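Enquirer:
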Amino acid sequence: GQSLEQPSEVTAVEGAIVQINCTYQTSGFYGLSWYQQHDGGAPTFLSYNALDGLEETGRFSSFLSRSDSYGYLLLQELQMKDSASYFCAVRDGDFNKFYFGSGTKLNVKP
Amino acid sequence: EAQVTQNPRYLITVTGKKLTVTCSQNMNHEYMSWYRQDPGLGLRQIYYSMNVEVTDKGDVPEGYKVSRKEKRNFPLILESPSPNQTSLYFCASGAFIGRADTGELFFGEGSRLTVL
Chain A
100 GQSLEQPSEV TAVEGAIVQI NCTYQTSGFY GLSWYQQHDG GAPTFLSYNA
150 LDGLEETGRF SSFLSRSDSY GYLLLQELQM KDSASYFCAV RDGDFNKFYF
200 GSGTKLNVKP
Chain B
16 EAQVTQNPRY LITVTGKKLT VTCSQNMNHE YMSWYRQDPG LGLRQIYYSM
66 NVEVTDKGDV PEGYKVSRKE KRNFPLILES PSPNQTSLYF CASGAFIGRA
116 DTGELFFGEG SRLTVL
């Protein structure tokens with residue numbers, strides 16, 4: 100089966116750096132994505148890693164290690180608006196299914 | 016404006032009364048899919064479609080049907096809704112072919128369904 104593990108909640112202060120980890124077990128890995136979701140809103144895409152290494156987009160970076168079945172999302176210079184839930188998602192290339200983690204609620208405090 | 020549009024956004028219905036949640040995208044995406052989101056469970060894939068007339072089951076397809084007669088539309092049908100289908104539903108689309116493949120899913124605003 101497929102399973103993804105990520106912490107349920109993380110708290111950090113404004114201006115700090117936070118890392119949200121995701122470990123996965125899947126049968127047909129194609130790529131790892133990250134999504135942000137504010138309360139009551141739609142998930143919005145942050146990043147996608149198909150190959151090992153670091154992808155950087157502004158204040159957000161995402162890392163993937165396929166050999167370790169592990170990835171993380173790094174958020175720098177935290178702002179209050181970054182308070183949201185963050186989901187990792189594995190794309191199963193064999194069937195183009197997507198499997199989501201249960202989400203990490205990030206609380207940013209002043 | 017590129018978007019995925021779902022309707023209705025909110026619906027309260029009763030057990031057994033058939034309903035359809037519509038989903039439309041204007042980005043010419045081949046791939047479309049439906050998810051349900053329940054507290055503590057993240058998003059779970061119900062059905063997906065790689066192209067017109069091509070649909071397949073996701074992780075939790077029981078009690079749902081879909082159709083893909085046109086590229087832009089992918090309705091979710093609940094033939095006989097039950098209370099355990101009370102949930103927040105999201106439709107999403109993506110371009111996953113060749114150079115257009117960025118791995119990105121574009122989500123609709125969600126449809127909150129309550130089955131009494």
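As they're listed, the protein sequences go chains A and B. Residue numbers for the first sequence follow our numbering, so the first one is 100 and each next one is one higher. Residue numbers for the second sequence follow our numbering, so the first one is 16 and each next one is one higher. We put the beta carbon where it would ideally sit given N, CA and C, even for glycine. Since the model is a prediction, treat every value here as computed from it, not as a measurement.
Alpha carbon to alpha carbon, how far is B/P96 from A/Q175? Give it in angstroms, no decimals.
Expert: In the first sequence, the residue the question calls residue 175 of chain A occupies position 76. In the second sequence, the residue the question calls residue 96 of chain B occupies position 81. In a straight line, the C-alpha of A/Q175 is about 44 angstroms away from that of B/P96.
Enquirer: Let me check understanding here. Comparing Cα to Cα, which of A/N195, A/K208, A/E108 lies closest to B/M65?
Expert: By 1-based counting over the second sequence, the position of residue 65 of chain B is 50. Nearest of A/N195, A/K208, A/E108 to B/M65, Cα basis: A/N195.
Enquirer: Say whether the stretch 83–102 of chain B touches the stretch 115–129 of chain B, bearing in mind that this needs 3 or more beta-carbon pairs closer than 8 angstroms, one atom from each stretch.
Expert: Cβ pair count under 8 angstroms is three or more, so yes.
Enquirer: Work out the CA separation of A/S184 and A/G202 for me, nearest whole Å.
Expert: The count along the first sequence starts at 1 and reaches residue 202 of chain A at position 103. The count along the first sequence starts at 1 and reaches residue 184 of chain A at position 85. Each residue's Cα considered, the two are about 6 angstroms apart.
Enquirer: Kindly confirm or deny that the stretch 56–65 of chain B and the stretch 34–42 of chain B touch, where touching means at least three C-beta pairs closer than 8 angstroms.
Expert: No contact exists between the stretch 56–65 of chain B and the stretch 34–42 of chain B.
Enquirer: Which bits of chain B does A/F128 rub up against, with CB to CB less than 7 angstroms?
Expert: Position 29 of the first sequence holds residue 128 of chain A. Residues of chain B passing the Cβ test: none, with the nearest at roughly 12 angstroms.
Enquirer: Run through the DSSP bridge pairs and tell me what A/I116 is partnered with.
Expert: Residue mapping note: residue 116 of chain A aligns to position 17 of the first sequence, counting from 1. According to DSSP, A/I116 bridges with nothing at all.
Enquirer: My guess is that A/S132 and A/R190 are in contact by the Cβ rule of under 8 angstroms, so how many angstroms apart are they, rounded?
Expert: Within the first sequence, residue 132 of chain A is the residue found at index 33, counting from 1. Within the first sequence, residue 190 of chain A is the residue found at index 91, counting from 1. The Cβ separation is near 7 angstroms, so the contact holds.
Enquirer: Might you give, ordered along the chain, the residues of its own chain that have their beta carbon closer than 6 angstroms to the beta carbon of A/Q105, omitting 5 neighbours on each side?
Expert: Position 6 of the first sequence holds residue 105 of chain A. The answer, listed in chain order, is C121, C187, G200, T203.
Enquirer: Please state whether DSSP places B/N99 in a helix, a strand or coil.
Expert: The count along the second sequence starts at 1 and reaches residue 99 of chain B at position 84. Looking at B/N99 - three-state DSSP - the assignment turns out to be helix.
Enquirer: Count the other CB atoms within 10 Å of the CB of B/A3; is the residue buried (16 or more) or exposed (fewer)?
Expert: The structure shown does not extend to residue 3 of chain B, since chain B is modelled only from 16 to 131, so the question has no answer here.
Enquirer: I believe A/Y134 touches A/L145 by the beta-carbon criterion, under 8 angstroms. Please report the beta-carbon distance rounded to the nearest angstrom.
Expert: If you number the first sequence from 1, residue 134 of chain A lands on position 35. If you number the first sequence from 1, residue 145 of chain A lands on position 46. Right, the Cβ-Cβ distance comes to about 6 angstroms (below 8 angstroms), so this counts as a contact.
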